[in-house]
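In the numbering used here, the protein residues as written are 2 to 266. Where is the CB? At the ideal position from N, CA and C, for every residue including glycine.
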Amino acid sequence: MNTEGTHDARGTRGAGPVPRPAGPPAVPPPPSYAPTTGPVLTDWLAAPRHRAGPGVWAYGHVERPPESEHVPGRTVLSGAVISLLACVLVWSLWNNGYIPYWRVPLELFTPGDWWSRQRMGEPAPQGAENALEVYRFLIACALLYGFGRLGNWRGAFEHAVDGRGPRARATAAAALALLVWIFVWTDTLPGLGMVFMLIPQSWLTGGGDRVAAAAVAYTVYALITLAVVWPFARLGRWRTLLRPGQLPQQRAPQERPHAPAQAGA
């Protein structure tokens, strides 16, 4: 029965035969190398794995070696120099009165009439002078400690003397001790006046005895010098130089044993 194309798909009348399916694909060529063997079950179970949560694939995991905390020497020295310059700047501003309200914490914990008399032009009592001297000493210690920790001054010193021997280390520490001692003695760093203010005047005068007064004064000077030098003595490890046999000595080159003479030579 001819439907005249009303029930057929478009373009199917007069089409050719349906193509047959293609044949199977060609066989691939054989490999040019022998097949590799996979890991044995025991090796797979014994492979190192890091501790991770469930579901984390960790077969054959090797942990990353810890990163070195070594800081380049140039970075250490530059940080120490910058912090030292910043400390000197803050110290100069504070010492010349450019930092306002620096005495407010002291005035909060001391009697108010001490400072009211000073504002009116009257001389401050001895207690106010002593408290102010101690307060200046504490501020100086706080500045040196803070900037020293910030710039890692000890690390810079260790880097500067590293590998130069114990004598160079002791000499560098002695130079720093001398510099600080000069600053203390010239009252650039507060502390000398505070010590003499805290000592009773009867001790300093010796009760009219000049010999006793001189003995007390020189004892105080010696104690102040010892307090300044002691930290640098520990830093320079002076004890190793003072003790005999503590310095590393170079070993004498050992003679190589002679080879035995061969028979009949």
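Next on the checklist: Quick check: what's the CA-CA separation for G237 versus G122?
Outcome noted: So the alpha carbons of these two residues sit roughly 49 Å apart.
Checklist entry - Under a Cβ-count criterion, where at least 16 other Cβ atoms within 10 Å of its own Cβ denotes burial, should P191 be classed as buried or exposed? => result When all chains shown are included, P191 counts as buried.
Next on the checklist: Within a Cβ cutoff of 6 Å, which residues of the same chain sit near L177, ignoring the five residues on either side of it in sequence?
Outcome noted: The answer, listed in chain order, is F233.
Next on the checklist: In the DSSP assignment, the alpha helix (DSSP H) including T226 goes from what residue to what residue?
Outcome noted: Run containing T226: 211–237, per the alpha helix (DSSP H) assignment.
Item to check | Inside the region 60–127 only - alpha helix (DSSP H) runs reaching at least 4 residues | outcome: The region 60–127 contains these whole alpha helix (DSSP H) runs: 74–96, 105–109, 113–120.
Checklist entry - By a C-beta neighbour count over all protein chains shown, 10 Å radius and 16 as the cutoff for buried, is R170 buried or exposed? => result With 16 or more other Cβ atoms within 10 Å, it is buried.
Next on the checklist: For the alpha helix (DSSP H) containing A35, name the first residue and the last one.
Outcome noted: Counting along the chain, A35 sits inside no alpha helix (DSSP H), nor does DSSP assign it H or E at all.
Item to check | Three-state secondary structure (DSSP) of R21 | outcome: Coil.
Item to check | Simplified DSSP assignment, three categories, for N153 | outcome: For N153, the three-state secondary structure derived from DSSP is coil.
Checklist entry - What span of residues does the alpha helix (DSSP H) with R170 cover, start to end? => result Counting along the chain, the alpha helix (DSSP H) containing R170 begins and ends at 167–186.
Checklist entry - Sorted by chain position, which residues of the same chain lie with C-beta nearer than 7 Å to R118's C-beta, five sequence neighbours on each side aside? => result Around R118: A125.
Next on the checklist: Is the separation between the beta-carbon of L151 and that of S84 shorter than 7 Å?
Outcome noted: For the 7 Å CB-CB criterion, L151 and S84 form a contact.
Checklist entry - Distance, Cα to Cα, V89 vs P49? => result Approximately 55 Å, taken between the alpha carbons.
Item to check | For E256, the three-state DSSP class (helix, strand or coil) | outcome: Residue placement at E256 cannot be trusted, given a pLDDT of 49 that sits under 50; what the coordinates show is reported in the next sentence. Here E256 sits in coil by DSSP.
Item to check | Rounded C-alpha distance that separates W182 from V230 | outcome: As the crow flies, the alpha-carbon of W182 is around 8 Å from that of V230.
Checklist entry - How would you label R224, buried or exposed, when you count the other beta carbons within 10 angstroms and need 16 or more for buried? => result Correcting the residue identity first, residue 224 is Leu in this sequence and not Arg. Residue burial is scored here from C-beta neighbours: L224 has fewer than 16 other C-beta atoms within 10 angstroms and is therefore classed as exposed.
Item to check | For L133 and V105, the rounded distance between their alpha carbons | outcome: In this structure, the alpha-carbon of V105 lies about 11 Å from that of L133.
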